[in-house]
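The sequence shown runs -38 to -1, 1 to 300 under mature numbering (1 follows the signal peptide of the UniProt record, and there is no 0). By construction, the Cβ of each residue, glycine as well, lies at the ideal position given by its N, Cα and C atoms. Let me begin by presenting the structure, written as structure tokens, before commenting on it.
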Amino acid sequence: MHTPAGPYHFGMLKPTFRPLLASLTLTPALAVAVPSLAQSAAPITEPGAIERMKPGQYLWAPQIAPAGPVTMIVSLKKQRAYVYRNGVPIGVTTVSSGKKGHATPTGVFTILQKQVDHKSNIYNGAPMPYMQRLAWDGIALHAGALPGFPASHGCVRLPLAFAKSLYGVTQLGLTVVITDEGLVPEVAPAPDPLAAPPADGHRNPAPYTWNPQASPTGPVSIIVSGRDRRVVVLRNGKQIGAAPLMLHQPITATQAFNLRAIDAAGAHWTRLPLPGSPATAAGSELSPEERTRGHLPDGFRQKVEAILTPGATMLVTRETLATSGTGSRLAVLVADPK
């Protein structure tokens, strides 16, 4: 089950199994020397180790980033899930997603509900330990059997011990991205919608909505849709604002960002690595050039800036937003399952 090995916890690994962070090529942040289960130190150099993980195996190393907001990215193609805290990977696990006829939907979701001892109200009371709901039609993260291939009714199954550990670091409103190849084009420059308008008079006075009392507290997420030319602001998973976006160049890629810091120079948005994106893009910040590629109405931009704190997330996508009922929790971006 869950065996401690110094500060690192490896799930269901044999004593001779070397550390599994070698091929987490989404970012070099985990490329450090860690003890194996045999209590000997070894550098993370073995290529392909993450891909060779057997069903039920996982790695959990929360001390790499002991504090900060958590984001989870699930790769259906690889049958892996990656967990980041404060933009740093702290865990990776094998998963089992939806089988044929019950595909797991791809998209950007927020955690709507959490329950340690949950029973399915759709599938004859089937146990769903450490359930974290992503959609009200039955899609969730939870512990379950991992046979080595997609076998669920649409949920994302996790190893039991990993599901328990993950449950302990998440909160309602947390962002979960479920991807396949179609939703992860190569990284391209993204606009910073919170950049100040240019000084040459090209401003955007368009109307916007702002209803912060719909969700007074909680983590903030900004969703930018290139197809809609629209920005939606969520707090604790509920929409509190929306505005049109003036784009000077089209959005050609899906990207995720974490607000690392705010200082005299402004907001520092750091790219989060999406499965399938070039590793070299991970950890880089929006450049001054990128910050001028999209602008919001002045009043809206100022209101958003006032509620931002380090740890906020921003999703930039070329896709349309699926739903946007003010005051209700929503799956921000859901693609039709293939």
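Range covered by the beta strand (DSSP E) that runs through residue i
| i | result |
| --- | --- |
| G228 | G228 to L234 |
| L277 | T275 to T279 |
| F111 | It is not in any beta strand (DSSP E) - F111 carries neither H nor E in the DSSP assignment. |
| S187 | V182 to S187 |
| R14 | It is not in any beta strand (DSSP E) - R14 carries neither H nor E in the DSSP assignment. |
| Y92 | P89 to A97 |
| L221 | Q217 to D225 |
| L196 | R192 to R197 |
| G203 | K200 to P206 |
| Y20 | Y20 to W22 |
| L103 | I101 to A105 |
Selected residue, minimal CA-CA separation from residue i, among the options
| i | options | result |
| --- | --- | --- |
| residue 368 | V186, L38 and A226 | A question about residue 368 goes unanswered here, because the residues of the chain that appear run from -38 up to 300. |
| G261 | N48, K16, R222 and Y170 | Y170 |
| M93 | L134, F111, V70 and H230 | L134 |
| A229 | P51, T271, N198 and R95 | T271 |
| G188 | Q25, M208 and W172 | M208 |
| L122 | L21, R222, A226 and L258 | L21 |
| Q175 | T66, R197 and W231 | R197 |
| Q77 | A125, Q264 and A227 | A125 |
| G130 | W231, V32 and A102 | V32 |
CB contact flag (residue i, residue j, <7 Å)
| i | j | result |
| --- | --- | --- |
| A105 | L120 | yes |
| S58 | L38 | no |
| T72 | G180 | no |
| S183 | T137 | yes |
| I213 | S177 | no |
| V50 | I26 | yes |
| K61 | A113 | yes |
| N220 | T279 | no |
| R218 | L234 | Here the sequence assigns Ala to residue 218, which means Arg is not the residue at that position. A contact, by the Cβ cut-off of 7 Å. |
| G116 | T66 | yes |
| V195 | V266 | yes |
Residues near residue i in its chain [Cβ-Cβ closer than 6 Å; skip 5 each side]
| i | result |
| --- | --- |
| G30 | R47, N48 and G273 |
| V36 | A43, V118 and I140 |
| D142 | L38, K39 and T68 |
| I52 | A23, P24, I26, A27 and V45 |
Sequence-distant residues of the same chain with beta carbon closer than 7 Å to residue i, five excluded per side
| i | result |
| --- | --- |
| P109 | P17 and S58 |
| P89 | K81 |
Own chain residues within Cβ distance below 8 Å of residue i, not counting five before or after
| i | result |
| --- | --- |
| L74 | R95, L96, A97, W98, L134, G199 and R291 |
Endpoints, alpha helix (DSSP H) assigned at residue i
| i | result |
| --- | --- |
| L122 | L122 to V131 |
| G261 | D260 to I269 |
Enumerated in chain order, which unbroken segments of the alpha helix (DSSP H) with a length of 4 residues or greater are wholly contained in the stretch 37 to 75?
none
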